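Asker: Questions regarding the structure given below will be posed in turn.
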Amino acid sequence: MPAQLKSALLVLATAVAVGQSYSYEYVGCFSQPPENSRETQNQFQSLGLCQVTCGDSHQPVAALGNGTGCLCGNLLPPLDQMVEEGNCNTPCAGFDLDICGGDGFFSVYIEEPADPEEPSGTHNENGRSRRNQKELV
Numbered sequence: 429m430p431a432q433l434k435s436a437l438l439v440l441a442t443a444v445a446v447g448q449s450y451s452y453e454y455v456g457c458f459s460q461p462p463e464n465s466r467e468t469q470n471q472f473q474s475l476g477l478c479q480v481t482c483g484d485s486h487q488p489v490a491a492l493g494n495g496t497g498c499l500c501g502n503l504l505p506p507l508d509q510m511v512e513e514g515n516c517n518t519p520c521a522g523f524d525l526d527i528c529g530g531d532g533f534f535s536v537y538i539e540e541p542a543d544p545e546e547p548s549g550t551h552n553e554n555g556r557s558r559r560n561q562k563e564l565v
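Below you can see the structure in the form of structure tokens.
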């Protein structure tokens with residue numbers, strides 16, 4: 429089995445084994461990351477993986493950038509740093525239907541209280557997911 433496939437399966441198995449689900453809602457595209465955030469890089473980055481990373485770290489703000497970056501923090505970026513949605517146009521490396529920010533731009537999400545409702549989502553004009561739903565990871 430190729431090493432990349434093994435890594436992808438390990439990431440998936442870890443997320444499933446944890447069994448924890450987190451619910452993050454899309455806030456917008458920003459020109460700077462969450463304040464006091466820490467970044468992790470993953471060649472298999474996706475919205476779900478970033479949500480688990482931030483949720484497990486008890487960080488309510490998750491941001492995706494440059495296709496592979498996940499930043500977790502406690503505070504949203506300043507709202508005056510919100511930019512046009514078109515700046516966040518980079519597909520996530522691990523799931524290309526998710527948008528992972530852009531070159532120097534960040535797709536920012538904030539954790540919501542748990543809710544037993546069914547997942548829902550929205551799609552942008554390209555048909556790519558900007559999942560602002562209750563994430564079942």
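For the sequence shown, the residue numbers in this note's numbering are 429 to 565.
Idealized CB from N, CA, C, for every residue including glycine.
The model shown is predicted, which means the values in this text are computed figures rather than measured ones.
1) Using a 10 Å radius around the Cβ and a threshold of 16 neighbouring Cβ atoms, would you call Ser465 buried or exposed?
2) For Cys482, I'd like the list of residues in its chain whose CB is within less than 6 Å of its CB, leaving aside the five on either flank, ordered along the chain.
3) Exposed or buried, what is Leu402 when buried is set at 16 or more other beta-carbons lying within 10 Å of its beta-carbon?
4) Quick check: Cys516 and Gln473, are their CB atoms within less than 9 Å of each other?
5) With distance defined between alpha-carbon atoms, name the residue in Pro488, Ala521 and Thr496 nearest to Pro505.
6) Would you give the residue range spanned by the alpha helix (DSSP H) that Leu477 belongs to?
Answerer: So, from the data block:
1) Sequence index remark: in the sequence shown, residue 465 carries index 37 (1-based). Burial call: buried.
2) Walking along the sequence shown from the start, residue 482 turns up at place 54. Here the set comprises Ala490 and Cys500.
3) For residue 402 there is no data in the structure shown, the boundaries of the chain being 429 and 565.
4) As a first step, residue 516 is located in the sequence shown; it is residue number 88 there, counting from the start. As a first step, residue 473 is located in the sequence shown; it is residue number 45 there, counting from the start. Contact: no.
5) Walking along the sequence shown from the start, residue 505 turns up at place 77. The shortest Cα separation from Pro505 among Pro488, Ala521 and Thr496 belongs to Pro488.
6) In the sequence shown, residue 477 corresponds to position 49, counting from 1. Its alpha helix (DSSP H) spans residues Leu475 to Asp484.
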